[in-house]
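Enquirer:
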Amino acid sequence: MQKEKSTIIAHDQEIFIPNISVDCIILAFHGGRLKTLLCKFKVSDRWMLPGGFVGKDEDPDEAVLRVLKERTGLDDVYCKQFYFFGKKGRIKPDENEEMLKRFYVAPSNGHQSPNRYISLGYYSLIKYGEAHVVAHEYEDVEWFDINEIPPLYADHSEILNTAIQTIRKQIGFVPVGYELLPEKFTMPELRTIYEAILGRELDRRNFQRKMLSIGFIQPLNETRRAGAHKSPNLYSFIKDKYEYAEKNGIQIMSNNF
């Protein structure tokens, strides 16, 4: 195992560009909660965002799509770059060196875990039921409630918070419901997603009225059995209209709730 861990680290230097990485916030909706995917080396006690260094033969956008494919098994994923992170001191040298030691690798200037590098931040929206999360034997990968995030590596908390703030500011143009929900959904499910992103409760009747008034959602003549006395109505997005609006930068949802 010692040799295998060392090989994993050493191999990185041969195929990736030093000092340039991508970090991705992967969001999904499950069990009535908005969740994000985090990973952690078994030798470390710090969780981190899925990501990696940019390959010598790929663009950053290609790198993040590779990461998403490796982590979720999905090819066609909604993904947007939202910021880059490169403050001095964003990476803690002691934390990096300790991790390398646990991988049985001596830190060096040429190593692929430098003490300073820039990260391009991306966020992606996926359907939970379509993802096939993959974890290697030397790591753990888990979904976490967006409001119950454990301590994260380096500045990954800042990256995650910046992603949520970005989506919040651009909420009218980001297809959160369309990308996160299954084909048929309830209005409470859609409202829960917006509440998680906006960080506050929304009036049930007002939200439903606004969602239906924009013309991208249609009620179905179906209900979902949710209990002895609960059968919430089901809705669906008008796919062609939704995709046209997203492609042409047309506002999809109201910015004000």
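The sequence shown: position 39 = 738 (this note's numbering), numbered continuously. Each residue gets a CB set at the ideal place from its N, CA and C atoms; glycine is no exception.
Counting C-beta neighbours from all protein chains within 10 Å, is the total for Tyr-877 16 or more, i.e. buried, or is it exposed?
Expert: Position 178 of the sequence shown holds residue 877. Result: buried.
Enquirer: Buried or exposed for Glu-888, please, with buried defined as at least 16 other CB atoms from any protein chain shown within 10 angstroms of its CB.
Expert: Counting from one through the sequence shown, the residue named residue 888 turns up at place 189. Glu-888 is buried by the Cβ-count criterion.
Enquirer: Buried or exposed: where does Gly-788 fall if 16 or more other Cβ atoms within 10 Å of its Cβ makes it buried?
Expert: As a first step, residue 788 must be located in the sequence shown, where it is residue number 89. Gly-788 is exposed by the Cβ-count criterion.
Enquirer: Which residues bound the alpha helix (DSSP H) around Gln-907?
Expert: Along the sequence shown, one-based indexing puts residue 907 at 208. Counting along the chain, the alpha helix (DSSP H) containing Gln-907 begins and ends at 903-912.
Enquirer: In whole angstroms, what separates the C-alpha of Leu-767 from that of Leu-736?
Expert: Residue 767 sits at position 68 when you count from the first residue of the sequence shown. Residue 736 sits at position 37 when you count from the first residue of the sequence shown. Cα to Cα, Leu-767 sits roughly 11 Å from Leu-736.
Enquirer: Just how far apart, CA to CA, sit Leu-901 and Asp-744?
Expert: The residue given as residue 901 occupies position 202 in the sequence shown. The residue given as residue 744 occupies position 45 in the sequence shown. Going from the Cα of Leu-901 to the Cα of Asp-744 covers about 37 Å.
Enquirer: Ordered along the chain, which non-local residues of its own chain (more than five positions away) have a Cβ less than 6 Å from that of Gln-907?
Expert: Taking the first residue of the sequence shown as position 1, residue 907 is located at position 208. The residues are Met-886.
Enquirer: On the DSSP bridge assignment, give the partners of Phe-783 in chain order.
Expert: Locating residue 783 in the sequence shown gives position 84, where the first residue counts as 1. Phe-783 is bridged to Leu-819.
Enquirer: Taking contact to mean at least 3 C-beta pairs separated by less than 8 Å, is the segment 746-763 in contact with the segment 715-733?
Expert: Yes, they touch.
Enquirer: Where DSSP assigns a beta bridge to Asp-839, which residues make up the other side?
Expert: Numbered from its first residue, the sequence shown carries residue 839 at position 140. Lys-739, per the DSSP bridge assignment.
Enquirer: Just the Cα atoms here: how many angstroms apart are Arg-899 and Arg-890?
Expert: Numbered from 1 along the sequence shown, position 200 holds the residue referred to as residue 899. Numbered from 1 along the sequence shown, position 191 holds the residue referred to as residue 890. Taking the straight line joining both Cα atoms gives about 11 Å.
Enquirer: Whole angstroms are fine: how far does the CA of Gly-751 sit from the CA of Gln-701?
Expert: In the sequence shown, residue 701 corresponds to position 2, counting from 1. In the sequence shown, residue 751 corresponds to position 52, counting from 1. At Gln-701, the pLDDT of 41 sits below 50, so the modelled position is not reliable and the matter cannot be decided from this model.
Enquirer: Thinking C-beta only, is Leu-879 closer than 9 Å to Leu-773?
Expert: The count along the sequence shown starts at 1 and reaches residue 773 at position 74. The count along the sequence shown starts at 1 and reaches residue 879 at position 180. No, the Cβ-Cβ distance between Leu-773 and Leu-879 is not below 9 Å.
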